[in-house]
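Peer 1: Please find one structure pasted underneath; my questions will follow.
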Amino acid sequence: MAIPLLLIVIGYSIILGLKGDLQAHIGPGFFAIILTCIGIYPTHPGTTSWTMNNLAPSNRRAIGSAFNICVGNIGGIIGSYMYLDDEAPNYPTGFGLSLAFGGTALIAALVLELSFMWGNKRREAMDETEVREKYTDEQLLEMGDKSPLFKYTL
Amino acid sequence: MPRDLATRIAVFYCFSALSGAFSGLLAAGIAKMDGVGGYEGWRWIFLLEGLVTVVLGVLCFFLLIDSPQLSGKWLTQDEIRYLELQHFIKDGGEFKDERKKTSWKDISAVLSNWKMYLLAYILLCQSACSYGLSAIYPTIAFSLTNPNAQRYQIYPPYLDERHGLQGHQCPAHDRPAVRGRSHLRHLLFGPVRSLLLAHAVRGDSAAADCNRILHHPRPQG
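One line per chain: the protein sequences are A and B, in this order.
Residues in the first sequence are numbered consecutively from 1, following our numbering.
Residues in the second sequence are numbered consecutively from 1001, following our numbering.
Shown next, in the form of structure tokens:
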């Protein structure tokens, strides 16, 4: 998850560094674009599968994945209007925003991964029979992914 | 069945990628209907493609079945039983019918989960970058004045990555011994193709020919 996002950040920062003079720097410019492409496309299935694996039970999984995709597509609206015409050929707004998105998404992914690892560690410390005595099955199902028996997928 | 799952998902995603390839051609064809019935060409594109989508959407409601028992013709009894057991285990030990319908509590539980928002944010960033890239890519491509280079930009290299990754990798993943090989193949070929393209862009015709052969293995013309 973090590696593709890292590639996006690297790619866009190279392009911004070229400051619009693409004719002279075709090689690095193109290389940077390809890096960003390599970074962008794996992120979508990765995020979707992460969402689906870390929600329980199946009702919440369905709602969660639909919600995820809805909010995610709002990014498409932003993306279509990012590159303003009057800023050719530098496009600082467009590339800058893309870089910012890549960076913050990277931070978000790292935070999530750490929180999942922490959650898993906390659950390993608990003993299963104790947990079953404390809560009934109904309550465990209600708690969904906060239940002590649920294991987060990294 | 799980051993076919990756292949099926790959086929699904390949169709979506192929639709991107065909959409340009289809739009060019429909655009020739300019003036028919008083509508411009671009309106016809929306009308026809939208109509097909809506009809298929409605049909989905009737054609997609709700549970493995109703599948009837294409699954054997053993496979139906296997799928039911799988659902039983994944739902945490309860049959789906026994549980009550989606309640507001479920929805609020999802919406109040801070992790959901972070995950949705990652997807937001990714789609913003992706749409922005497809907007800016033609500008970058046509800023290259070398006519050879412009010709090769028409088939963006990253689509190749996607096709390659999905079409080859997922069936390979179903056969465990071959998994590593396909990963390696794509790790090697991806950068090689990109490098060749970068050279082609600078007018190196030998690199351009190599690239053409890699992209289109069958003879052209």
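Beta carbons are placed, not taken as given, at the ideal position from N, Cα and C, and that holds for glycine.
Mapping DSSP to helix, strand and coil, what is B:M1224?
Peer 2: The shown model of chain B, from 1001 to 1221, leaves out residue 1224 of chain B, and the question about it has no answer.
Peer 1: Do B:A1120 and A:F67 count as a contact pair if the criterion is CB distance below 9 Å?
Peer 2: Looking up residue 67 of chain A in the first sequence gives position 67. Looking up residue 1120 of chain B in the second sequence gives position 120. It is a contact, given that the beta carbons lie within the stated cut-off.
Peer 1: When the Cβ atoms of the stretch 90 to 97 of chain A are set against those of the stretch 1105 to 1112 of chain B, are three or more pairs found closer than 8 Å?
Peer 2: no
Peer 1: Which chain B residues sit within Cβ distance under 9 Å of A:W50?
Peer 2: By 1-based counting over the first sequence, the position of residue 50 of chain A is 50. Neighbours of A:W50 across chain B, judged by C-beta separation under 9 Å: L1119, I1122.
Peer 1: Following the continuous alpha helix (DSSP H) through A:W118, name the residue where it begins and the one where it ends.
Peer 2: As a working note, residue 118 of chain A is residue 118 in the first sequence. Note, A:W118: alpha helix (DSSP H), 92 to 125.
Peer 1: Would you be able to state if there are at least three C-beta pairs under 8 Å between the stretch 70 to 78 of chain A and the stretch 1126 to 1133 of chain B?
Peer 2: Cβ pair count under 8 Å is three or more, so yes.
Peer 1: Would you say A:I3 and A:L35 are within 9 Å of each other, going by their C-beta atoms?
Peer 2: Taking the first residue of the first sequence as position 1, residue 3 of chain A is located at position 3. Taking the first residue of the first sequence as position 1, residue 35 of chain A is located at position 35. It is not a contact, given that the beta carbons lie outside the stated cut-off.
Peer 1: How would you label B:A1028, buried or exposed, when you count the other beta carbons within 10 angstroms and need 16 or more for buried?
Peer 2: Locating residue 1028 of chain B in the second sequence gives position 28, where the first residue counts as 1. Under this definition B:A1028 is an exposed residue.
Peer 1: Can you find the residues in the same chain that come closer than 8 Å, C-beta to C-beta, to B:L1047, ignoring five residues on each side of it along the sequence?
Peer 2: One-based indexing of the second sequence puts residue 1047 of chain B at position 47. Around B:L1047: Y1039.
Peer 1: Less than 9 Å between the C-beta atoms of A:M82 and A:G72, yes or no?
Peer 2: In the first sequence, counting from the first residue as 1, residue 82 of chain A sits at position 82. In the first sequence, counting from the first residue as 1, residue 72 of chain A sits at position 72. It is not a contact, given that the beta carbons lie outside the stated cut-off.
Peer 1: What did DSSP end up calling B:S1130 once you bin it into helix, strand or coil?
Peer 2: As a working note, residue 1130 of chain B is residue 130 in the second sequence. Correct three-state label for B:S1130: helix.
Peer 1: Note the first and the last residue of the continuous alpha helix (DSSP H) segment covering B:I1107.
Peer 2: Position 107 of the second sequence, counting from 1, holds the residue named residue 1107 of chain B. Note, B:I1107: alpha helix (DSSP H), 1104 to 1111.
Peer 1: Between which residues of its own chain and B:W1044 is the CB-CB distance below 6 Å, once the five residues before and five after are set aside?
Peer 2: The residue you call residue 1044 of chain B lines up with position 44 of the second sequence. Here the set comprises I1030, M1033.
Peer 1: Just checking: is the beta-carbon of B:I1107 within a distance shorter than 9 Å of some beta-carbon in chain A?
Peer 2: If you number the second sequence from 1, residue 1107 of chain B lands on position 107. It does; some Cβ of chain A falls within 9 Å.
Peer 1: B:E1040 by DSSP, collapsed to three states: which one?
Peer 2: By one-based count along the second sequence, residue 1040 of chain B stands at place 40. If DSSP states are grouped into helix, strand and coil, B:E1040 belongs with coil.
Peer 1: Run the CB neighbour count on A:R122, radius 10 Å, all protein chains shown included, and call it buried at 16 or more, exposed below.
Peer 2: Reading the first sequence from its first residue, position 122 is the one you call residue 122 of chain A. Flag for A:R122 reads exposed.
Peer 1: Out of B:L1005, B:A1010, B:E1049, B:Y1137, which has the shortest C-alpha to C-alpha gap to B:L1025?
Peer 2: The count along the second sequence starts at 1 and reaches residue 1025 of chain B at position 25. In terms of CA proximity to B:L1025, B:E1049 leads the group B:L1005, B:A1010, B:E1049, B:Y1137.
Peer 1: Is A:T43 near A:A100, with beta carbons less than 9 Å apart?
Peer 2: As a working mapping, residue 43 of chain A is identified with position 43 in the first sequence. As a working mapping, residue 100 of chain A is identified with position 100 in the first sequence. No. Outside cutoff.
Peer 1: Going straight from the alpha carbon of B:Y1082 to that of A:I40, what length do you get?
Peer 2: Translated into positions along the second sequence, residue 1082 of chain B becomes position 82. Translated into positions along the first sequence, residue 40 of chain A becomes position 40. Rounded to the nearest angstrom, the two C-alpha atoms are 37 Å apart.
Peer 1: Please name the residue in A:W118, A:I107, A:G119 whose C-alpha comes closest to that of A:V9.
Peer 2: For the purposes of this step, residue 9 of chain A is identified with residue 9 of the first sequence, where counting begins at 1. Nearest C-alpha to A:V9: A:I107.
Peer 1: Would you mind giving the Cβ-Cβ distance between A:L7 and A:I38, rounded to the nearest angstrom? I have them listed as a contact below 8 Å.
Peer 2: In the first sequence, counting from the first residue as 1, residue 7 of chain A sits at position 7. In the first sequence, counting from the first residue as 1, residue 38 of chain A sits at position 38. Sure, about 6 Å apart at Cβ, within 8 Å.
Peer 1: Consult DSSP for B:L1018 and reduce its assignment to one of helix, strand or coil.
Peer 2: Mapped onto the second sequence, residue 1018 of chain B falls at position 18. Reduced to three states, the DSSP call for B:L1018 is helix.
Peer 1: Any C-beta of chain A sitting closer than 9 Å to the C-beta of B:Q1086?
Peer 2: By one-based count along the second sequence, residue 1086 of chain B stands at place 86. Chain A, which has no Cβ nearer than 9 Å to the Cβ of B:Q1086, makes this no.
Peer 1: To be precise: take each residue of the stretch 1126 to 1138 of chain B, compare its Cβ to all Cβ atoms of chain A, and keep it if any distance is under 9 Å. Which residues remain?
Peer 2: Q1126, S1127, A1128, C1129, S1130, Y1131, G1132, L1133, S1134, A1135, I1136, Y1137
Peer 1: If you measure from the beta carbon of A:L55 to each beta carbon in chain B, is any gap under 9 Å?
Peer 2: As a working note, residue 55 of chain A is residue 55 in the first sequence. It does; some Cβ of chain B falls within 9 Å.
Peer 1: Tell me the rounded alpha-carbon separation between B:A1010 and B:I1136.
Peer 2: Start at 1 with the first residue of the second sequence, and residue 1010 of chain B comes out as number 10. Start at 1 with the first residue of the second sequence, and residue 1136 of chain B comes out as number 136. Going from the Cα of B:A1010 to the Cα of B:I1136 covers about 28 Å.
Peer 1: Tell me whether B:F1088 counts as near the ligand PLP, meaning its Cβ is closer than 8 Å to at least one heavy atom of that ligand.
Peer 2: Judged by which ligands are present, the structure shown has none, so any question about the ligand PLP falls away.
Peer 1: How about A:N120 and B:D1106: do their beta carbons lie closer than 9 Å?
Peer 2: Numbered from its first residue, the first sequence carries residue 120 of chain A at position 120. Numbered from its first residue, the second sequence carries residue 1106 of chain B at position 106. The criterion of a C-beta distance shorter than 9 Å is not satisfied by A:N120 and B:D1106.
Peer 1: In whole angstroms, what separates the C-alpha of B:V1058 from that of B:V1052?
Peer 2: Indexing the second sequence from 1 puts residue 1058 of chain B at position 58. Indexing the second sequence from 1 puts residue 1052 of chain B at position 52. For B:V1058 and B:V1052, the distance between alpha carbons rounds to 10 Å.
Peer 1: Within 9 Å (strictly less), CB to CB, does B:V1011 reach chain A?
Peer 2: On the second sequence, residue 1011 of chain B is found 11 positions in, with the first residue counted as 1. Not one chain A Cβ lies under 9 Å of B:V1011.
Peer 1: So A:I78 contacts chain B; which residues on that side make the cut at Cβ distance below 7 Å?
Peer 2: By 1-based counting over the first sequence, the position of residue 78 of chain A is 78. A1128, listed in chain order.
Peer 1: Against B:M1116, what residues of chain A qualify as contacts under a CB-to-CB distance less than 9 Å, listed in chain order?
Peer 2: Indexing the second sequence from 1 puts residue 1116 of chain B at position 116. Within chain A, the residues near B:M1116 are T51, L55, G64, F67, N68, V71.
Peer 1: Note down, in chain order, every chain A residue with its Cβ under 8 Å from the Cβ of B:V1110.
Peer 2: The residue labelled residue 1110 of chain B in the question sits at position 110 within the second sequence. Among the residues of chain A, those whose CB is under 8 Å from the CB of B:V1110 are L55, R60, I63, G64, F67, following chain order.
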